[in-house]
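Novice:
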Amino acid sequence: MVRCPKCAVEVDVDEDEVEEGEILTCPGCEAELEVVQIHPVNVNVISDEDEDEATEEVEAKDEVEDVLDQEEEDVE
Ligand SMILES: [Zn+2]
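Position 13 (the sequence shown) corresponds to 1224 in our numbering; numbering is contiguous.
See the structure below:
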């Protein structure tokens, strides 16, 4: 059993079945919890709000070509 770091609700985790890196969902606040340690189980909150220790993933915006301009001419 582990408590959600965010809302302290007990999350039902069987530490014999959980694996590191597994993503759990808190039943209380629905936060995503990543299992960072087992025996004992320790979890990290995966949140968009907490940017302190979160790995910053810079999403490069792919330049998407305008493929929408492919309207075929209606031939009557
Ligand atoms: Zn929670």
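Every residue gets a Cβ at the ideal spot worked out from N, C-alpha and C, and that includes glycine.
Whose beta carbon lies closer than 6 Å to any heavy atom of ligand 1, going through the chain in order?
Specialist: Output, sorted by chain position: Cys-1215, Lys-1217, Cys-1218, Val-1220, Cys-1237, Gly-1239, Cys-1240 and Ala-1242.
Novice: For the beta strand (DSSP E) that contains Ile-1234, what are its first and last residues?
Specialist: That run of the beta strand (DSSP E) goes 1234-1236.
Novice: Secondary structure at Val-1286, three-state DSSP: helix, strand or coil?
Specialist: Val-1286 falls in the coil class under three-state DSSP.
Novice: Starting from the Cα of Arg-1214, find the closest Cα among Asp-1285, Asn-1253 and Gln-1248 and give me that residue.
Specialist: Here the closest residue by C-alpha is Asn-1253.
Novice: Please state the DSSP three-state secondary structure of Ile-1249.
Specialist: DSSP places Ile-1249 in coil when its eight states are reduced to three.
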